[in-house]
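So the working numbering is basically just the index in the sequence shown, starting at one, shifted up by 111. Take a look at the structure below.
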Amino acid sequence: MNWKDRPILYSKAPILFRLLLFFIWGGLAGCAVPQSSSEAPQAVPEAGLRQPFSLAEQQPPPPDIQSVRLHPVGSPGAPPILLLNTSEQLILTFDDLSRQNRQFRVEMVHYSRSWHPSPLSPSAYLDGFSYSYIQESNQSFSRNPPYRRLEYRFPNERMAPSASGNYLLRVYDHQGNNLLFSMPFFVTEKEGDLQMRVETLFAQRTDGQVLHQLFSTYRYPGFVEFPRFDLSIQYVQNQFWGRSRAAGAPSTSAPGQVSGYLMQDEAFPANYASRLLDIRSFEADGRQIMEYRPDEHPPALLLRKDLQYLDSRAYPASTPDPTATDRNARYARVHFSLETADSVSPDDDLYVVGDFNNWMISPDNAMRYDASTGLWKGTALIKQGVYTYKYIRATRQMVEDLAPIRRLSPPRQTYRGFVYFKDPDRNFDRLLTVEKIITQ
Numbered sequence: 112m113n114w115k116d117r118p119i120l121y122s123k124a125p126i127l128f129r130l131l132l133f134f135i136w137g138g139l140a141g142c143a144v145p146q147s148s149s150e151a152p153q154a155v156p157e158a159g160l161r162q163p164f165s166l167a168e169q170q171p172p173p174p175d176i177q178s179v180r181l182h183p184v185g186s187p188g189a190p191p192i193l194l195l196n197t198s199e200q201l202i203l204t205f206d207d208l209s210r211q212n213r214q215f216r217v218e219m220v221h222y223s224r225s226w227h228p229s230p231l232s233p234s235a236y237l238d239g240f241s242y243s244y245i246q247e248s249n250q251s252f253s254r255n256p257p258y259r260r261l262e263y264r265f266p267n268e269r270m271a272p273s274a275s276g277n278y279l280l281r282v283y284d285h286q287g288n289n290l291l292f293s294m295p296f297f298v299t300e301k302e303g304d305l306q307m308r309v310e311t312l313f314a315q316r317t318d319g320q321v322l323h324q325l326f327s328t329y330r331y332p333g334f335v336e337f338p339r340f341d342l343s344i345q346y347v348q349n350q351f352w353g354r355s356r357a358a359g360a361p362s363t364s365a366p367g368q369v370s371g372y373l374m375q376d377e378a379f380p381a382n383y384a385s386r387l388l389d390i391r392s393f394e395a396d397g398r399q400i401m402e403y404r405p406d407e408h409p410p411a412l413l414l415r416k417d418l419q420y421l422d423s424r425a426y427p428a429s430t431p432d433p434t435a436t437d438r439n440a441r442y443a444r445v446h447f448s449l450e451t452a453d454s455v456s457p458d459d460d461l462y463v464v465g466d467f468n469n470w471m472i473s474p475d476n477a478m479r480y481d482a483s484t485g486l487w488k489g490t491a492l493i494k495q496g497v498y499t500y501k502y503i504r505a506t507r508q509m510v511e512d513l514a515p516i517r518r519l520s521p522p523r524q525t526y527r528g529f530v531y532f533k534d535p536d537r538n539f540d541r542l543l544t545v546e547k548i549i550t551q
């Protein structure tokens, strides 16, 4: 059967067992205000933003793999979300700077809504083979450094998801069988109707942070028998998948409909913004690029010093995909510098993260403190384009933004709601629908 034509087949659970679970759940839920499930990601404490931007399960790429992107075909910058059993495709692109004509193997791995390993075997969530190879590549025209541009589109005839839910796309070095990097994507069924709204909260925190609290109503499909038990709603801000937050247990607000919302102490920061990096041109402009060194290998760009609490180039935290995709695009070693407040110790661990590295923390984007200048300095190999970025401080317990940019008028934020259904027969989390709302 063609992967575009498959029907979705799900059977029903034994009614007596389901009723027993429903009554147990109803009794427990009636004793307290609904809270997030134990599988949901932890809330962000008031003191700062503590979770990583990307998923803990993601593998950052090695230094010789750059400009990794995963998005719908024809929609750069859009989230990697597929509608099950349609002709929609995602495209993975990346640059190989290794100068080796190596092969890459691709695998898809299914996860629960909270990114725990799925109980499904590959044969239960994939049609075709359990792995594939990346065949399409083109050599760059740029020679400093040279690179191969690789592309992989899926679903395809060799490998296609057959179940909705959360996935990681894993890319391996075929020869050494080493995992090089991984990227999340989502497969939805477009079942039911999700409506969302955002309320802005003022004066709720001692630091004056303005917050966004999300509310949802969901009209669920007929195959959902016990919505309060089987449905859950999660929210994501600006495609920061590692900061997903779960609504409290849904309540049945009307026949065929449930409601859910974020607790106030889990609300998102409303004025969340990033710094803007425009390196479409490598010429020194005196505004952001202070010096261009074309004789270095690769060429070097020295940026104007950033200040921790001030940035005139504040930008919404989500942008269209900025990376130049043609083979003429060049790379440069970009030099960042940051002046911090006294609250940042020279012994702290600081990193620069952004679109250019998919917001993933790794030793390659660590910064060091230069005592002679009193500045934190770091570098990143970045392709021509427009990006957003942040400075963060990391410890074993938390990741802290340095610092959220304060604004009287909060910048635009994009939120997505994900509705999951715990399939009673196959015991996995189906992703019924995904919707978005953009604040003004």
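Where is the CB? At the ideal position from N, CA and C, for every residue including glycine. Please read these numbers as outputs of a predicted model, since none were measured by experiment.
Exposure of residue i, with buried meaning 16 or more beta-carbon neighbours within 10 Å
| i | result |
| --- | --- |
| residue 174 | exposed |
| residue 528 | buried |
| residue 484 | exposed |
| residue 287 | exposed |
| residue 250 | exposed |
| residue 345 | buried |
| residue 476 | buried |
| residue 507 | exposed |
| residue 597 | As displayed, the chain neither begins before 112 nor continues past 551, which places residue 597 out of reach and without an answer. |
| residue 376 | exposed |
| residue 244 | exposed |
| residue 185 | exposed |
| residue 382 | buried |
| residue 439 | exposed |
| residue 536 | exposed |
| residue 172 | buried |
| residue 347 | buried |
| residue 341 | buried |
| residue 211 | exposed |
Nearest-angstrom Cα separation, counted from residue j out to residue i
| i | j | result |
| --- | --- | --- |
| residue 349 | residue 392 | 26 Å |
| residue 410 | residue 394 | 11 Å |
| residue 207 | residue 259 | 5 Å |
| residue 499 | residue 418 | 16 Å |
| residue 324 | residue 457 | 36 Å |
| residue 339 | residue 403 | 59 Å |
| residue 278 | residue 167 | 13 Å |
| residue 191 | residue 366 | 33 Å |
| residue 214 | residue 261 | 10 Å |
| residue 225 | residue 482 | 42 Å |
| residue 523 | residue 550 | 5 Å |
| residue 335 | residue 233 | 25 Å |
| residue 460 | residue 420 | 18 Å |
| residue 398 | residue 353 | 33 Å |
| residue 505 | residue 268 | 43 Å |
| residue 266 | residue 203 | 11 Å |
| residue 231 | residue 300 | 18 Å |
| residue 390 | residue 263 | 26 Å |
| residue 396 | residue 388 | 13 Å |
| residue 490 | residue 386 | 16 Å |
| residue 445 | residue 362 | 50 Å |
| residue 548 | residue 351 | 15 Å |
| residue 222 | residue 246 | 26 Å |
Residues sharing a beta bridge with residue i, DSSP
| i | result |
| --- | --- |
| residue 184 | Paired residues: none, contrary to the question. |
| residue 490 | 446 |
| residue 305 | 329 |
| residue 416 | According to DSSP, residue 416 bridges with nothing at all. |
| residue 207 | 176 and 259 |
| residue 289 | 284 |
| residue 437 | In the DSSP output, where bridge partners are listed per residue, residue 437 has none listed. |
| residue 221 | 278 |
| residue 421 | 418 |
| residue 529 | 345 and 545 |
| residue 249 | 260 |
| residue 389 | 497 |
Cβ-based neighbour list, residue i, same chain, cut-off 8 Å, excluding 5 preceding and 5 following
| i | result |
| --- | --- |
| residue 332 | 302, 303 and 543 |
| residue 405 | 393 |
| residue 546 | 305, 306, 307, 527 and 528 |
Other residues of its chain near residue i: CB distance less than 6 Å, five sequence neighbours each side excluded
| i | result |
| --- | --- |
| residue 218 | 242 and 281 |
| residue 534 | 541 |
| residue 448 | 416, 486 and 488 |
| residue 581 | Nothing can be reported for residue 581: it is not among the residues displayed for the chain, which extend from 112 to 551. |
Below-9 Å beta-carbon distance, residue i vs any chain B residue
| i | result |
| --- | --- |
| residue 496 | Here there is only one protein chain, and chain B is not present. |
7 Å CB neighbourhood of residue i in its chain, flanking five on each side removed
| i | result |
| --- | --- |
| residue 290 | 170, 281 and 283 |
| residue 364 | 328 and 370 |
| residue 199 | 183 and 193 |
| residue 330 | 303, 304, 367 and 368 |
Proximity test, residue i beta-carbon vs the ligand ZN heavy atom, cut-off 8 Å
| i | result |
| --- | --- |
| residue 470 | Among the ligands in the structure shown, none appear at all, so the ligand ZN cannot be discussed. |
* Touching by the beta-carbon criterion (3+ pairs, under 8 Å), the segment 493-502 and the segment 283-296 -> no
* Asked: Looking at C-beta atoms only, is the number of pairs between the segment 163-171 and the segment 444-463 that lie closer than 8 Å three or more?
  -> no
* When the Cβ atoms of the segment 264-274 are set against those of the segment 188-201, are three or more pairs found closer than 8 Å? -> yes
* **the segment 234-250 contacting the segment 299-308, beta-carbon criterion three pairs below 8 Å** => no
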